[in-house]
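Numbering (this note's numbering), first residue to last: 213 to 447.
See the structure below:
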C-alpha cells in the first residue's frame, strides 16, 4: 500500500472515530472502488453498510468481506469480526443456514466473546430453544459479566421459554453492566408496563432511543419511538 493510500485510510478511520460517519462512509467507498485491499478500513466499512440496512447494502457487505479475506492485514481477531459481520448480513438477507453455519464453524475453531454474543442472539431469533438455552448458558460460563451474553440468556427465558421471572435477573444484571443497552431497556420496560408504571417504561425507552442502534437490535429506532408514543396515548 502506497503512502498516499495509507494516508487516505487513516483519514477515513479518523473521521469514523470522531463520529463523522457520512464522510467516513464516502471515503471507505472511494477506497473500495479503487481496489484497495485492507481489512483496516473494509471491516468498519462493512459495519456502516450493515447499519444503513437494506438488501443492497447487505449484499455489498458480503461482497466486501469476501474480498477482505485476502487482505494482508487480516489478523485472527479481525477475521472473527469479519465472520460475525458476514453472518449478520446473511441473516438479514434471510440466509439462515449460512448465518448459523458461519458462526458455528468460527466457534469450533476459536471460541470468543464476539461469537458467543452473536450466535447466542441468532439462536434466539430463529426460535431454536434447545440450542439457544444450551449455548447461552455456555456463554455465561465463558463470561458472566458480558452484558450481551446476559441479555441473550434473558431473551432465551423471556421469548422462548415464556419464563419472565427467570429472565428478569439476567436483564437487570445486563443493565447494571451496560446502562444504555437497547434491547435490555426494551425488555425491562415490558415489566414496568405489566406493573402499571408507564412513566418508568417511557424513561427506559427514551434512554434506549439515545443508543447506537445496530442490525442486531430487536427493535429499530423508529419502533422504539412509536412504542413511546403508543404508551403516551394510553395516558
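Backbone N, C-alpha and C define an ideal beta-carbon position, used for all residues, glycine too.
Just so it is clear, the structure is predicted and the values come from calculations on it, not from any experiment.
How many Å lie between residue i and residue j at the Cα?
i: residue 272; j: residue 333; result: 23 Å
i: residue 383; j: residue 341; result: 18 Å
i: residue 401; j: residue 393; result: 12 Å
i: residue 408; j: residue 414; result: 12 Å
i: residue 399; j: residue 335; result: 18 Å
i: residue 320; j: residue 446; result: 49 Å
i: residue 284; j: residue 381; result: 44 Å
i: residue 301; j: residue 339; result: 19 Å
i: residue 288; j: residue 443; result: 46 Å
i: residue 372; j: residue 395; result: 16 Å
i: residue 269; j: residue 241; result: 12 Å
i: residue 248; j: residue 218; result: 10 Å
i: residue 348; j: residue 423; result: 24 Å
i: residue 225; j: residue 286; result: 16 Å
i: residue 412; j: residue 316; result: 39 Å
i: residue 251; j: residue 280; result: 6 Å
i: residue 310; j: residue 297; result: 12 Å
i: residue 227; j: residue 357; result: 31 Å
i: residue 364; j: residue 385; result: 12 Å
i: residue 246; j: residue 387; result: 43 Å
i: residue 172; j: residue 266; result: Given that the chain is displayed from residue 213 to residue 447, the structure contains no residue 172 and the question cannot be resolved.
i: residue 337; j: residue 308; result: 10 Å
i: residue 221; j: residue 239; result: 8 Å
i: residue 377; j: residue 403; result: 10 Å
i: residue 313; j: residue 427; result: 19 Å
i: residue 235; j: residue 229; result: 11 Å
i: residue 263; j: residue 216; result: 28 Å
i: residue 345; j: residue 439; result: 28 Å
Leaving aside the five residues before and after residue i along the sequence, list all residues of the same chain whose C-beta is less than 8 Å from its C-beta, in chain order.
i: residue 276; result: 244, 254, 257, 258 and 261
i: residue 292; result: 318, 322, 324, 326 and 327
i: residue 354; result: 323, 325, 328 and 361
i: residue 441; result: none
i: residue 330; result: 296, 299, 300, 315 and 428
Under 7 Å Cβ to Cβ from residue i, same chain only, skipping five residues before and after it: list those, please.
i: residue 233; result: 260
i: residue 437; result: 421
i: residue 425; result: 394, 432 and 433
i: residue 375; result: 369
Looking only at its chain, what residues have a beta carbon closer than 6 Å to the beta carbon of residue i, apart from the 5 residues adjacent to it on each side?
i: residue 397; result: 416, 419 and 420
i: residue 351; result: 328, 332 and 361
i: residue 390; result: 359
i: residue 379; result: 366, 369 and 370
With 8 Å as the threshold, decide whether the Cβ of residue i is near any Cβ in chain D.
i: residue 270; result: Looking at the structure shown, chain D is missing, and only one protein chain is on hand.
When you measure from the CB of residue i to every non-hydrogen atom of the ligand MN, does any distance come out below 7 Å?
i: residue 413; result: Looking at this structure, you won't find the ligand MN or any other ligand, since it has none at all.
Just list the alpha helix (DSSP H) runs in the region 362-386, keeping only unbroken ones of 4 residues or longer that don't cross its boundaries, in chain order. none
Quick check for students: name the residue ranges of the alpha helix (DSSP H) that lie wholly in the region 266-307, counting only runs of 4 or more. 267-280 and 288-304
Which runs of the alpha helix (DSSP H) fall wholly inside the region 216-265 and span at least 4 residues, in chain order? 233-245 and 251-264
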